[in-house]
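Sequential numbering from 1 applies to the sequence shown in the UniProt record's numbering. Take a look at the structure below.
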Amino acid sequence: MRATSNAGSRGKNISKACEACRRRKQKCDGEDPCSICRRRSLTCSYRDVTRSRGLRGKAPERANSGSDNGQSTQTVDDRNVSSRLSEADMEHLKTALPRDHIINTLRATRSAKDTPSSVSQLSYGPSSNFSILRHFKAHLEPGDELPVNSPGSLELRQDGTQSIDLFKFQERAFGNDLLLQDDATFLSSDLATTFLDTYLRTTYYQFPMVSTDTLRSYLARLYEANPTNVLASSEKAFLLAVLTAGAITKDHDWRMALFAKAMKEVDKIRYEISLPAIQTEILLAHCEFIGGSLQRGYQILGGAVRKAIAAGLHKSSPAWVRRQGDSSEATALFWLVYCYETFMCFTFGWPPSIHREDIDAPLPEYATFTRALFDMSEIIQQVHRMYMNREVTIKHDLKAAYHILKKLQSWARTVNRDFEISISKSIQHTEGEKLIHQITLSYHYFYTVCLTFRPFLLLSLEIGRENAERSEFSQSILVKINATLPDACERCIDAARCMIGLCQSVYTLYSEAEGVSYHELFLETACFVLIAATLRDKTSYSSNASFIRTGITCLRKTSRSKRREELITAVEQLLAGTEKLATNAPSPKASPTSHALTQSETSSQIQPLPAHISTLQYDQGFIRPSSLPNDVEAQPGDGIWELGQAEQTLQILDQMPDTAWPYMDWNLNMSNLDVDLFNSYIANPIGGDDV
1 MRATSNAGSR GKNISKACEA CRRRKQKCDG EDPCSICRRR SLTCSYRDVT
51 RSRGLRGKAP ERANSGSDNG QSTQTVDDRN VSSRLSEADM EHLKTALPRD
101 HIINTLRATR SAKDTPSSVS QLSYGPSSNF SILRHFKAHL EPGDELPVNS
151 PGSLELRQDG TQSIDLFKFQ ERAFGNDLLL QDDATFLSSD LATTFLDTYL
201 RTTYYQFPMV STDTLRSYLA RLYEANPTNV LASSEKAFLL AVLTAGAITK
251 DHDWRMALFA KAMKEVDKIR YEISLPAIQT EILLAHCEFI GGSLQRGYQI
301 LGGAVRKAIA AGLHKSSPAW VRRQGDSSEA TALFWLVYCY ETFMCFTFGW
351 PPSIHREDID APLPEYATFT RALFDMSEII QQVHRMYMNR EVTIKHDLKA
401 AYHILKKLQS WARTVNRDFE ISISKSIQHT EGEKLIHQIT LSYHYFYTVC
451 LTFRPFLLLS LEIGRENAER SEFSQSILVK INATLPDACE RCIDAARCMI
501 GLCQSVYTLY SEAEGVSYHE LFLETACFVL IAATLRDKTS YSSNASFIRT
551 GITCLRKTSR SKRREELITA VEQLLAGTEK LATNAPSPKA SPTSHALTQS
601 ETSSQIQPLP AHISTLQYDQ GFIRPSSLPN DVEAQPGDGI WELGQAEQTL
651 QILDQMPDTA WPYMDWNLNM SNLDVDLFNS YIANPIGGDD V
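Below is the structure:
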């Protein structure tokens, strides 16, 4: 029991409440698991750090500056740090690096061309790739200084519209309007069969919602000239969604045409709450995420989520489901919707609308693909909470990240045991269902590891920025903090490289790669991380550039669209900007901040990961799959898979000041941005919806 130690002194009160009870504002008994979570079959978790509130009217105790039992005090809390800083030092430390700019939200607006008064507004959270654009802008070309406490400075710092414009990301940020043309022509039966077969070889293994026989019967009835055996609107809409998914790897024009026809059928069942309606919308959302508009896909997915909740699929066997005898199908569909929404909201940095504590449906069965997705979704939600929790310290966040990494590694071992799939193994010896599952789960693993540690890569990047206004003491504090970050940075970088290597391997060995996963999203994430890594360490340009060029090569193999061209252009221009900085950078010397460390402090700094993990082999811009990490359990002690280096990091953290995330001025006035200054980093806009 978690509350045993404090129960005696506090009577009926307890020291902690679990996260579920906190969120629902219910009384928690403090057990592990608590009675409420045990009764509702919820995951019961407690905060690692709780705020210590002093008794009312009691003066705070003075910090003990001496030693206790012969042991010197190594850990310095916030009050100890504050007592050693002057008011000016404290102000400088607070204005050094803000949490809400390392882990930040970005707002973007756009006026419609035909109706300027109509303004689209979107907000992207800290786990989205859009939030990192401001770092690139600040490092590639600093702008005018923006005072930290100036009126409206928070709004200006959060306004990312000009950053979106700077890197020509309008299409990716806002999407484009869908033109649903009333085309009377339709594809031939043979072509439809080809698209269906492609779907059954690829996307079907991710969304096994309807049996193969049922789908083939739908297709036969679609082309049957029997007026008494026509497909219902919900059945036709789902079949068109299936054909759209099958056309992703075959024909981009047909994908667009089939999607438009499917949306027309969806309009007919817009207010119908049924399993086919939910199945149709989640599949169409998947198609849009892969090859269409990200924002439109999110809105379509929202329809599936609302209908699933309205149908009561989140409850344990609702009455109408029991009457229809398809309880297992309904439950499986709900968990697909839940997992899909969790992942997609994570990519945008938006909070999911389905909360785990509100679900009473039976959990997915063990050793199933849906169960693997569910377990990953639970981990992703922990990462999301780490991003959104603003009342914690750097040490707490870093410890939380390593705790998440342990869970990810445990998840990878479970996948290996249940599916005989290795997260890091080459895909060349697998086929069919195993192939699709390996690609999907491997991407999810590397992507989650990458985003778990990305805030610390960005923190290290910003600590390295020169700031003459920092006092010597506040600078030394930041240097000590930075000494704990190399391992976290390397894990983020290695995960990014693994995503690029996996994508290159998939496109090299699998002809129908595009319809399997969101390669574009993963490549964007990986390339952006490697750009940030290069800005952090200019000497890493050569190795990172090879991976980035491999990512660009993979991007060119995806379907041609405006959003793809925007991404390729942005990555190429960012690469050119980092190359210029790397070329002009001085020869490698001691870090400008490293002189502040004492000899004992430098000896305790984190060492880099093993060379064969940090520097993968590449040939002519392509990573050789054989150079990627081997099986999870086959390489104990190697880099991304083991926690030996993490344990050393955590030991050093215990000796670091547990300081809150400080505050930083971006030295950047977003309202007075001169776009012409950045022509060397910006490509010309590309016209048209698709090229």
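Beta carbons are placed, not taken as given, at the ideal position from N, Cα and C, and that holds for glycine.
Check: If you draw a straight line from the alpha carbon of LEU85 to that of THR203, how long is it in whole angstroms?
Finding: Confidence is the limiting factor: at LEU85 the pLDDT is only 43, short of 50, which leaves the residue's position unreliable and the question unanswerable from this model.
Checklist line | Best match in ILE481, ASN104, ALA20, ASP537 for proximity to residue 774 [C-alpha to C-alpha] | finding: Within the shown structure, residues of the chain are numbered from 1 to 691, placing residue 774 beyond reach of any answer.
Next item on the list: Kindly indicate the opening and closing residues of the alpha helix (DSSP H) around ALA245.
Entry: Membership of ALA245 in the alpha helix (DSSP H) is indicated by the continuous run 233-247.
Check: Are the stretch 530-537 and the stretch 212-229 touching, with three or more C-beta to C-beta distances below 8 angstroms?
Finding: no
Note to self: Assess contact between the stretch 127-142 and the stretch 449-469, defined as three or more Cβ pairs (one per stretch) separated by less than 8 angstroms. Is contact present?
What the structure shows: Verdict: yes, contact present.
Next item on the list: Return the CA-CA distance between residue 706 and CYS492, expressed in angstroms with no decimal places.
Entry: Because the chain is modelled from 1 through 691, residue 706 falls outside the range shown and cannot be assessed.
Next item on the list: Helix, strand or coil for residue 697, going by three-state DSSP, please let me know.
Entry: This structure cannot speak to residue 697, because the chain is shown only from 1 to 691.
Check: Going straight from the alpha carbon of VAL383 to that of SER188, what length do you get?
Finding: 47 angstroms
Checklist line | Which residues DSSP lists as bridging SER546, in chain order | finding: Answer by DSSP bridge pairing: none, since SER546 is not bridged.
Margin query: Quick check: the Cα distance between ARG134 and LEU478, rounded to an integer number of angstroms?
Written below: 21 angstroms
Margin query: Let's test the definition: count the other Cβ atoms within 10 Å of the Cβ of GLY349 and tell me whether it reaches 16, buried, or not, exposed.
Written below: buried
Notebook entry, point to check: For VAL305, which residues of its own chain have a beta-carbon under 8 angstroms away from its beta-carbon, when the five flanking residues on both sides are left out?
Noted result: VAL337, GLU341, SER353, ILE354
Next item on the list: Reducing DSSP to helix, strand and coil, say where residue 700 ends up.
Entry: Since the first residue shown for the chain is 1 and the last is 691, residue 700 is missing from the structure and cannot be characterised.
Next item on the list: Enumerate in chain order the residues of its own chain whose CB-to-CB distance from ALA496 is below 6 angstroms, with the five nearest sequence positions on each side excluded.
Entry: CYS450, ALA526, VAL529, LEU530
Check: Excluding five sequence neighbours on each side, which residues of the same chain lie with their C-beta closer than 8 angstroms to the C-beta of THR370?
Finding: The beta carbon of THR370 sits closer than 8 angstroms to the beta carbons of ALA332, TRP335, LEU336, CYS339, PRO364 from its chain, once the five residues preceding and following it are set aside; these are given in chain order.
Next item on the list: Spell out the partners DSSP gives LEU106 in its beta bridges.
Entry: TYR124
Checklist line | Same chain, Cβ closer than 6 angstroms to LEU106, neighbours up to 5 away in sequence not counted | finding: TYR124, PHE130, SER131, GLY160
Note to self: Between LEU535, ILE36, THR484, which has its C-alpha nearest ARG24's C-alpha?
What the structure shows: ILE36
Check: Looking at C-alpha atoms only, which residue of TYR223, PHE186, GLU514 is the closest neighbour of CYS287?
Finding: Among TYR223, PHE186, GLU514, the Cα nearest to that of CYS287 is on GLU514.
Notebook entry, point to check: Hey, ILE269 and SER233 are a contact pair by Cβ (cut 8 angstroms); roughly how many whole angstroms apart?
Noted result: 5 angstroms
Next item on the list: Take LEU154 and list the residues in its own chain whose beta-carbon comes closer than 7 angstroms to its own, dropping the five residues that flank it on each side.
Entry: Unreliable placement is indicated for LEU154, whose pLDDT of 40 sits below 50; no coordinate value is reported for it.
Checklist line | Sequence-distant residues of its chain with Cβ nearer than 6 angstroms to residue 704 (five each side left out) | finding: The chain is shown only over 1 to 691; residue 704 falls outside these bounds and no answer can be derived.
Margin query: Below 8 angstroms on the Cβ atoms is my contact criterion, and I expect LEU555 with ARG356 to pass it. Report the Cβ-Cβ distance as a whole number of Å.
Written below: Not confirmed; about 35 angstroms, so no contact.
Item checked: GLN295 - containing alpha helix (DSSP H), residue span -> 294-310
Note to self: Tell me the rounded alpha-carbon separation between LEU535 and ILE548.
What the structure shows: Cα to Cα, LEU535 sits roughly 14 angstroms from ILE548.
Notebook entry, point to check: Pick from TYR271, HIS396, GLU378, ALA260: whose alpha carbon is nearest that of ARG47?
Noted result: HIS396
Check: Roughly how many angstroms lie between the CA atoms of LEU196 and PHE238, to the nearest whole one?
Finding: 12 angstroms
Check: DSSP state of VAL337, grouped into three classes?
Finding: helix
Check: Between CYS345 and the rest of its own chain, which residues show a CB-CB distance below 6 angstroms, the 5 nearest in sequence each way excluded?
Finding: PRO352
Check: Given a threshold of 16 other Cβ atoms within 10 Å of its Cβ, counted over all protein chains shown, does LYS236 qualify as buried or as exposed?
Finding: buried
Check: In terms of residue numbering, what span does the alpha helix (DSSP H) encompassing ARG497 cover?
Finding: 486-509
Checklist line | Burial state of TYR271 (16 or more Cβ within 10 Å) | finding: With fewer than 16 Cβ atoms within 10 Å of its Cβ, TYR271 is classed as exposed.
Item checked: Assigned secondary structure, ARG560 (DSSP; H/G/I helix, E/B strand, else coil) -> coil
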